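Protein chains in written order, with this note's numbering: chain H, 61 to 214; chain F, 419 to 522.
Shown next, in the form of structure tokens:
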């Protein structure tokens, strides 16, 4: 999986001092905006909150995959942050969250190839082979390599 | 037990496919046959065949939106749950279904 086509190394942030869901959303939406993945930070962020209200985006063992569908999204993309401390966040296993992958999805997109990559990424984040290593990646490159391998296993 | 299922979450990018994986894992663990159709934003994949539907003992809709072409299942018993249920506790869901089918 050519994960770098949806996850830019500039959208990968490690060990940030963010302590709430709101701070994470703010931070990651800014990141996507700065990297040109979205054209309107506030409009997109609102959609992220809309989706958040529908059902849990926290998965297992500290991983969360919030996402937003919006006209303000230029291309299917992801931003990632590993926080310094665990954050309160509803999750399917009840655990707190430390690894957040924010997915940005364009409205009415025909870009199936990249949407599929987002789906494959989400699926690989349920795999212990991937999850267990998220704490230890030290660079953006290492994260990309981990996810590349994870994708091919699913 | 022969199971067919359709997963369809609201956005149709992540939970739809995770729900499928969780259902397949749980079903195989419990010794059941399962086929799962996903209805996502890119469309329907692994579309259930007429035969698969005919032979199924139970149909599961793990969906937060309407299932496309629901008429295919009109004569079958359908269990409807949110996609979150299939992701959170797929084994419990199957346990419940097994118990209900035994009662019949």
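Quick reminder that beta carbons are idealized off the backbone N, C-alpha and C, glycines included. For clarity, every value in this text was computed on a predicted model and none was experimentally measured.
Status (buried if at least 16 other CB within 10 Å, exposed otherwise) for residue 93/H: Along the first chain, read from residue 1 onward, the residue named residue 93/H stands at position 33. Counting every other CB atom within 10 Å of its CB across the protein chains shown gives residue 93/H a total of 16 or more, marking it as buried.
Residue 147/H versus residue 199/H: straight-line alpha-carbon distance, rounded: Residue mapping note: residue 147/H aligns to position 87 of the first chain, counting from 1. Residue mapping note: residue 199/H aligns to position 139 of the first chain, counting from 1. Distance from the CA atom of residue 147/H to the CA atom of residue 199/H, rounded to whole angstroms, is 22 Å.
Min CB distance residue 142/H to chain F below 7 Å: Here the question's residue 142/H lines up with position 82 in the first chain. Judged by the 7 Å Cβ criterion, residue 142/H is not in contact with chain F.
Whole-angstrom distance between residue 437/F and residue 460/F, CA atom to CA atom: Indexing the second chain from 1 puts residue 460/F at position 42. Indexing the second chain from 1 puts residue 437/F at position 19. If I take the Cα positions, the gap works out to 16 Å.
CB contact below 7 Å: residue 151/H versus chain F: Working through the first chain from its first residue, we reach residue 151/H at position 91. With 7 Å as the cut-off, residue 151/H does not count as an interface residue toward chain F.
Helix, strand or coil at residue 450/F according to DSSP, with G and I counted as helix: Looking up residue 450/F in the second chain gives position 32. Per DSSP, reduced to three states, the secondary structure at residue 450/F is coil, with no helix or strand assignment.
Interface partners of residue 502/F on chain H, CB under 9 Å: The sequence position of residue 502/F within the second chain is 84, counting from 1. Per Cβ cutoff of 9 Å: 115, 116 and 152.
Cβ pair residue 428/F, residue 483/F closer than 7 Å: The count along the second chain starts at 1 and reaches residue 428/F at position 10. The count along the second chain starts at 1 and reaches residue 483/F at position 65. Between residue 428/F and residue 483/F, the gap from beta carbon to beta carbon is short of 7 Å.
Cα-Cα separation, residue 102/H to residue 78/H: Counted from its first residue, the first chain places residue 102/H at position 42. Counted from its first residue, the first chain places residue 78/H at position 18. Going by the C-alpha atoms only, they are around 19 Å apart.
Interface residues of the stretch 118–143 of chain H facing chain F [CB-CB below 8 Å]: Listed by position along the chain: 119, 125, 127 and 129.
Chain F contact for residue 178/H (CB, 7 Å cutoff): One-based indexing of the first chain puts residue 178/H at position 118. Closer than 7 Å to some Cβ of chain F, the Cβ of residue 178/H qualifies, so yes.
Where the stretch 430–457 of chain F meets chain H: residues whose CB sits under 8 Å from a CB there: Listed by position, the residues of the stretch 430–457 of chain F near chain H (Cβ gap below 8 Å) are 431, 432, 433, 434, 435, 436, 439 and 440.
Where the alpha helix (DSSP H) through residue 501/F begins and ends: Stepping through the second chain from its first residue, residue 501/F is reached at position 83. Residues 501–506.
Proximity test, Cβ basis, 7 Å: residue 425/F and chain H: Stepping through the second chain from its first residue, residue 425/F is reached at position 7. No, residue 425/F does not count as interfacial toward chain H.
Opposing strand residues paired with residue 457/F [DSSP bridges]: In the second chain, the residue the question calls residue 457/F occupies position 39. Residue pairing from DSSP places residue 457/F in a beta bridge opposite 462/F.
Contacting residues, own chain, Cβ-Cβ under 7 Å from residue 112/H (five flanking each side not counted): Here the question's residue 112/H lines up with position 52 in the first chain. Sequence-distant Cβ neighbours of residue 112/H in its own chain, meaning closer than 7 Å and more than five residues away, are 126.
Partner residues on chain F for residue 97/H, Cβ-Cβ distance less than 7 Å: The count along the first chain starts at 1 and reaches residue 97/H at position 37. Residues of chain F whose Cβ lies closer than 7 Å to the Cβ of residue 97/H do not exist; the shortest such Cβ separation is about 15 Å.
Interface partners of residue 186/H on chain F, CB under 8 Å: Counted from its first residue, the first chain places residue 186/H at position 126. Neighbours of residue 186/H on chain F, chain order: 436, 439 and 440.
Residue 175/H at chain F interface by Cβ criterion, 7 Å: Working through the first chain from its first residue, we reach residue 175/H at position 115. So yes, residue 175/H belongs to the interface.
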